[in-house]
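Going left to right, the sequence shown walks through residues 36 to 294 as our numbering numbers them. From the three backbone atoms N, C-alpha and C, an ideal C-beta is built for every residue, glycine too. In this text the structure is predicted, and so the values were computed from the model without any measurement. Working notes, beginning with the structure itself.
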Amino acid sequence: MITEFHRTSGIKVYNSTIDGWGASAAITNTHHPELGFLFMIRVNMSGGVLPPGLHDVDFPTNLYDIELCYTNLRELPEDLDSIWMIGIMLYIEYSQLTSVPVTITNLDPYYLALTGNPITELPPEIFEVPDMLYLGIGSTLINELPRNVTNLSPMLSFIYITDTNVSSFWPWFDPLVERKLDMPRPLLMGGSTYCVELENLTSGEATSFSVLPSPEYSTMLMDPSEENRQVILHTVNCELEYAATFYPIALEDANSAVV
36 MITEFHRTSG
46 IKVYNSTIDG
56 WGASAAITNT
66 HHPELGFLFM
76 IRVNMSGGVL
86 PPGLHDVDFP
96 TNLYDIELCY
106 TNLRELPEDL
116 DSIWMIGIML
126 YIEYSQLTSV
136 PVTITNLDPY
146 YLALTGNPIT
156 ELPPEIFEVP
166 DMLYLGIGST
176 LINELPRNVT
186 NLSPMLSFIY
196 ITDTNVSSFW
206 PWFDPLVERK
216 LDMPRPLLMG
226 GSTYCVELEN
236 LTSGEATSFS
246 VLPSPEYSTM
256 LMDPSEENRQ
266 VILHTVNCEL
276 EYAATFYPIA
286 LEDANSAVV
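Right, dumping it as structure tokens:
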């Protein structure tokens with residue numbers, strides 16, 4: 036029984052189907068006080084929901100690193116923010132989330148990667164998580180960022196919006212640009228519509244973005260003038276190599292795949 040492995044420091048499940056993981060075999064602080072990471076890679080869970088064994092009320096208090104990549108997870112328990120640790124590093128990549136559950140933002144993750152989920156709309160709260168440093172929302176189905184973000188996270192440093200149809204930014208984005216002017220390219224957007232338009236600008240094929248400059252939009256990222264061009268190029272990274280999962284899936288497959 037998994038409950039007998041009291042000194043386990045981490046659990047990785049790879050290329051598996053979980054038909055059941057009940058409370059009797061739950062990971063708990065009582066039985067797994069040293070557990071520090073949980074990785075579930077290429078895993079299917081019954082019903083596309085998190086099994087009870089992964090959200091017991093006696094959750095391990097050292098488990099701050101939870102990474103799921105290529106799973107069928109489609110929803111999370113509503114009370115997860117009262118069970119999992121606040122301030123975790125959370126990756127749920129290439130899964131089946133169609134929206135961002137409020138329980139995720141309530142967990143105050145300092146790393147959050149939702150890469151590759153079929154999410155069509157982001158809540159403003161995802162940019163207001165107080166202690167978040169990294170946010171990954173690349174390869175989702177979003178066409179724009181939320182219009183009304185009123186309390187932008189003061190810690191947010193890097194945002195991955197790679198391979199999306201996002202082509203414009205609202206004024207609330209400007210404070211982030213201003214405070215990161217001494218940090219090269221905190222906005223990673225390779226493969227995005229915005230980067231296509233930016234390339235057209237820098238090559239001389241276009242003289243403006245598809246959205247014309249207006250107080251309705253960011254003055255720092257939507258002003259195509261030569262005077263502002265260096266601000267944009269210092270902020271936006273259009274390299275395609277960053278359009279990847281946070282979890283090192285290629286390395287995992289190379290090391291763990293059954294030949």
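- Contact between the stretch 152 to 168 and the stretch 126 to 136 is present: 3 or more CB-CB pairs across the two stretches fall below 8 Å.
- Counting only runs that start and end inside the stretch 165 to 251, the beta strand (DSSP E) elements of at least 3 residues fall at 169 to 171 and 193 to 195.
- With a beta-carbon spacing of about 6 Å, residue 77 and residue 49 fall inside the 8 Å limit used to define contacts.
- Between residue 252 and residue 203, the beta carbon gap of about 6 Å places them in contact (Cβ cut-off 8 Å).
- The residue from 145, 110, 150 and 186 with its alpha-carbon nearest to that of residue 137 is 110.
- Collapsing the DSSP output to three states places residue 268 in a helix.
- Out of 219, 176, 168 and 198, the CA that lies nearest to the CA of residue 187 is found in 168.
- With a cut-off of 8 Å on Cβ pairs, the stretch 40 to 54 is in contact with the stretch 67 to 87, counting three or more such pairs.
- Shown here for residue 166: same chain residues with a beta carbon closer than 7 Å to its own, the five before and five after excluded, namely 122, 143, 145 and 190 in chain order.
- Sequence-distant Cβ neighbours of residue 75 in its own chain, meaning closer than 7 Å and more than five residues away, are 48, 103 and 106.
- Secondary structure of residue 128 (DSSP, three-state): strand.
- The beta carbons of residue 200 and residue 228 sit closer together than 8 Å.
- Shown here for residue 272: same chain residues with a beta carbon closer than 6 Å to its own, the five before and five after excluded, namely 220 and 223 in chain order.
- For residue 148, the three-state secondary structure derived from DSSP is strand.
- Residue 61 sits close to residue 88, with the two beta carbons spaced by under 8 Å.
- Closest option to residue 93, judged by alpha-carbon separation, among 63, 198 and 86: 63.
- CA-CA distance, residue 116 to residue 90, rounds to 10 Å.
- Taking C-beta atoms as the reference points, residue 128 and residue 149 count as a pair closer than 8 Å.
- With 16 or more other CB atoms across the displayed protein chains lying within 10 angstroms of its CB, residue 95 is buried.
- Contact between residue 255 and residue 266 holds: their C-beta atoms lie close to 6 Å from each other, under 8 Å.
- By the neighbour-count definition (other C-beta atoms within 10 Å, threshold 16), residue 174 is a buried residue.
- Looking at the DSSP output, residue 45 bridges to 72.
- Rounded to the nearest whole angstrom, the CA to CA distance from residue 86 to residue 172 is 25 Å.
- The alpha carbon of residue 269 has as its nearest neighbour, out of 233, 261, 237 and 216, the alpha carbon of 216.
- When the alpha-carbon of residue 126 is set against those of 159, 72 and 112, the nearest one is in 72.
- Secondary structure of residue 79 (DSSP, three-state): strand.
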